[in-house]
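Notes for the one structure printed next.
Numbering (the UniProt record's numbering), first residue to last: 1 to 221.
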């Protein structure tokens with residue numbers, strides 16, 4: 001794989017990583033919001049549970065009080081005080097127990113949802129760490145690309161100077177006399193200088209195109 005192909009592939013991977021980087025952050029914010037809502041509902045259920053337990057205690061206290069009063073007042077009655085109180089308060093006692101059991105079931109479900117939310121949050125944090133690593137790698141590759149760009153610019157300037165020097169030498173030789181009147185050695189020198197000038201011109205064009213691509217790639221977000 002050539003250097004340019006490898007660099008283009010790395011830049012493409014970095015662009016994909018940068019495009020996906022915001023997704024874990026949005027997912028983490030959504031999970032934290034859902035976790036806060038779950039915790040709020042959990043606290044509300046705890047309050048409902050406490051209220052149900054308090055109501056049950058009040059009913060039991062009233063139950064005991066009425067039992068004592070009825071036992072003292074109606075000790076000769078054949079119907080026991082427990083049976084009488086059971087008939088009077090059965091509905092309210094059963095309703096309080098039902099509310100307590102429902103609250104406990106909902107609290108259990110909320111605990112399971114909170115555990116799942118914690119796991120999802122850990123996954124989102126891991127994805128964010130991976131995104132940060134990709135960003136660091138991207139910055140490193142960008143820095144390397146900038147160094148290569150500066151080296152290529154220096155090479156381009158040197159090649160341009162060499163091409164200009166070769167052109168000046170050819171012009172000087174041509175100014176001394178027509179090429180046809182030169183000897184074999186002089187003609188060879190002129191041809192060699194002209195070939196070198198064309199080669200340097202081609203290298204200059206190639207380096208210019210490469211610099212434009214690198215500069216364009218370094219300016220991409």
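Every residue gets a Cβ at the ideal spot worked out from N, C-alpha and C, and that includes glycine.
Model, not experiment: these values are computed from the prediction.
With 16 other Cβ atoms within 10 Å as the buried cut-off, status of residue 124: Counting from one through the chain shown, the residue named residue 124 turns up at place 124. Burial call: buried.
Rounded Cβ spacing between residue 55 and residue 96 (contact assumed at less than 8 Å): Walking along the chain shown from the start, residue 55 turns up at place 55. Walking along the chain shown from the start, residue 96 turns up at place 96. Yes, they are in contact, since the Cβ atoms of residue 55 and residue 96 sit about 5 Å apart, within 8 Å.
Status (buried if at least 16 other CB within 10 Å, exposed otherwise) for residue 103: Translated into the one-based positions of the chain shown, residue 103 becomes position 103. That one is buried.
Residue 171 burial status per 10 Å Cβ neighbour count (16 or more: buried): Numbered from 1 along the chain shown, position 171 holds the residue referred to as residue 171. It counts as exposed.
Counted within 10 angstroms of its Cβ, other Cβ atoms place residue 61 as buried (16 or more) or exposed: Counted from its first residue, the chain shown places residue 61 at position 61. By the neighbour-count criterion, in which a residue is buried when 16 or more other Cβ atoms sit within 10 angstroms of its Cβ, residue 61 is exposed.
Exposure of residue 202, with buried meaning 16 or more beta-carbon neighbours within 10 Å: The residue given as residue 202 occupies position 202 in the chain shown. It counts as exposed.
C-beta atoms of residue 222 and residue 117 nearer than 8 Å: The structure shown does not extend to residue 222, since the chain is modelled only from 1 through 221, so no value can be given for it.
Beta-carbon proximity check, residue 52 vs residue 130, cutoff 8 Å: What you label residue 52 is simply residue 52 of the chain shown in a count that begins at 1. What you label residue 130 is simply residue 130 of the chain shown in a count that begins at 1. With contacts defined as CB atoms closer than 8 Å, residue 52 and residue 130 fail to qualify as a contacting pair.
Beta-carbon proximity of residue 110 to residue 41, cut-off 8 Å: Indexing the chain shown from 1 puts residue 110 at position 110. Indexing the chain shown from 1 puts residue 41 at position 41. Inclusion of residue 110 and residue 41 in the CB contact set at 8 Å is warranted, their separation being smaller than that value.
Between the CA atoms of residue 28 and residue 112 - distance to the nearest angstrom: Numbered from 1 along the chain shown, position 112 holds the residue referred to as residue 112. Numbered from 1 along the chain shown, position 28 holds the residue referred to as residue 28. Going by the C-alpha atoms only, they are around 19 Å apart.
Spatially closest choice to residue 64 from 89, 122, 195, by CA coordinates: As a position in the chain shown, residue 64 is number 64, starting the count at 1. Answer by Cα proximity: 89.
Distance, residue 168 Cα to residue 195 Cα: Translated into the one-based positions of the chain shown, residue 195 becomes position 195. Translated into the one-based positions of the chain shown, residue 168 becomes position 168. Near 14 Å, if we compare the C-alpha coordinates of residue 168 and residue 195.
Neighbourhood of residue 180 by C-beta distance below 6 Å, restricted to the same chain and skipping five residues each side: Translated into positions along the chain shown, residue 180 becomes position 180. Here the model assigns residue 180 a pLDDT of 45, short of 50, so the residue's position is not dependable, and the following value carries that caveat. No residues qualify anywhere along the chain.
Cβ shell of residue 121 (< 8 Å), same chain only, five flanking positions each side left out: The count along the chain shown starts at 1 and reaches residue 121 at position 121. If we look at residue 121 and ignore the five residues flanking it on each side, its Cβ neighbours are 28, 31, 32, 35.
Whether residue 93 touches residue 59 by CB criterion (8 Å): The residue you call residue 93 lines up with position 93 of the chain shown. The residue you call residue 59 lines up with position 59 of the chain shown. Cβ atoms of residue 93 and residue 59: closer than 8 Å.
Cutoff 8 Å; reference residue 114; Cβ partners in own chain excluding five residues on either side: Sequence index remark: in the chain shown, residue 114 carries index 114 (1-based). So the list reads 35, 38, 39, 42, once near-sequence residues are dropped.
Straight-line gap, residue 137 to residue 209 (C-alpha atoms, nearest Å): The residue given as residue 137 occupies position 137 in the chain shown. The residue given as residue 209 occupies position 209 in the chain shown. Computed Cα separation, rounded: 26 Å.
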